[in-house]
Amino acid sequence: ADKVLISAPGKKCEATIIIGVNESMLKDQKIVSAGSCTTNCVAPLVKILDGAFQIENAFFITTHAYTSSQHLVDAFEKKDDVRGRAAGVNIIPTTSGAATSVIEAVPGLKGKLDGYALRVPVVDGSIASLIAKVKKKVTKDKVNSLFKIKAQKQLKGIVQYSDEKLVSTDIIGNTNSCIFDSNLTYVNGDLVSIAAWYDNEMGYAYRLVDIAKLMLKNKY
């Protein structure tokens with residue numbers, strides 16, 4: 146193949162491209178990663194927040210629907226014992242590849258960001274929570290206003306702003322990478338807690354198409 150787009154975080158890729166974050170970095174690379182569904186949700190969050198308030202340190206937790214890599218019943222799993230537990234009846238703490246791939250897309254946060262996943266017994270629909278310590282003065286209204294403007298303008302179609310009280314089934318079929326939930330914004334001094342929903346299947350699939358189109362465009 147002339148070019149390869151990997152639908153997962155990749156170790157030997159020439160670039161990790163996240164639409165709405167660093168697609169301008171896509172040139173003539175032959176092997177490109179689109180990160181993960183979680184990367185595509187968290188990366189816009191941290192880029193927007195860092196750009197306005199300067200993140201000192203941050204941590205995310207994604208409460209993630211189970212996937213085909215998990216098991217229906219308890220089984221042996223070489224990489225991670227708990228990932229082998231029955232997906233439909235357990236909350237399963239595990240690693241998240243987004244902890245690395247977000248940094249690849251937003252390198253200014255290297256050494257400042259980490260995170261993990263909780264795999265839960267839902268078929269689709271996930272939510273990422275981000276807690277960050279910031280340098281600039283911040284309020285709940287400032288944070289929500291910032292994300293509302295970004296969602297309506299520069300990142301329309303990538304980030305959606307919502308003031309509705311949502312549950313996971315409400316966002317199934319949503320093609321945005323990130324549905325910012327303004328009801329889940331909390332500020333305590335220099336600590337900011339925000340959350341965004343994402344359809345870990347549909348939203349990510351649309352971003353793969355977006356990147357593939359850009360790769361094809363750059364080819365000619």
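With the working numbering applied, the sequence shown covers 146 to 365.
Note that CB positions come from ideal geometry on N, CA and C, so glycine has one too.
The model shown is predicted, which means the values in this text are computed figures rather than measured ones.
Item	Value
Nearest CA to the CA of Ala231: which residue from Pro238, Asp225 and Ala220?	Ala220
Whole angstroms is fine: what's the gap from Tyr365's alpha carbon to Ile151's?	Unreliable placement is indicated for Tyr365, whose pLDDT of 48 sits below 50; no coordinate value is reported for it.
Would the beta-carbon of Ala341 fall within 8 Å of that of Ala273?	yes
Alpha carbons only, please: which of Leu336, Ser178 and Ile317 is nearest the one belonging to Met347?	Ile317
Could you give the residue range of the beta strand (DSSP E) that holds Gly260?	Leu258 to Val265
With DSSP collapsed to three states, give me the class of Glu309.	coil
Candidates Asp147, Val191, Lys148 and Lys157: which alpha carbon is nearest Asn167's?	Val191
When the distance is taken between beta carbons, is Tyr343 closer than 8 Å to Ser327?	no
Does the region 276-287 come close enough to the region 298-312 that 3 or more CB-CB pairs lie under 8 Å?	no
Applying the criterion that 16 or more other CB atoms from any shown protein chain within 10 Å of the CB defines a buried residue, is Thr207 buried or exposed?	buried
With DSSP collapsed to three states, give me the class of Asn328.	helix
Below 6 Å CB to CB, which residues in the same chain sit around Ala243 once its five sequence neighbours on both sides are set aside?	Ser181, Thr183, Thr184 and Val187
Just tell me which of Asp259, Ile176, Glu201 and Ile339 has its CA closest to the CA of Ile324.	Ile339
Is the CB-CB distance between His209 and Ser169 below 8 Å?	no
Please classify Val247: is it buried, with 16 or more other beta-carbons within 10 angstroms of its beta-carbon, or exposed?	buried
If distances are taken between C-alpha atoms only, which option among Ala153, Lys223 and Thr330 comes closest to Lys293?	Thr330
Quick one: is Pro154 buried, meaning 16 or more other Cβ sit within 10 Å of its Cβ, or exposed?	buried
Taking the alpha-carbon of Val332 as reference, which of Lys282, Pro266 and Ala250 has the nearest alpha-carbon?	Lys282
Excluding the 5 residues flanking Asp259 on each side, which residues of the same chain have their C-beta closer than 7 Å to its C-beta?	Phe204 and Ala244
In the DSSP assignment, find the unbroken alpha helix (DSSP H) run with Ala197 in it and report its ends.	Cys182 to Phe198
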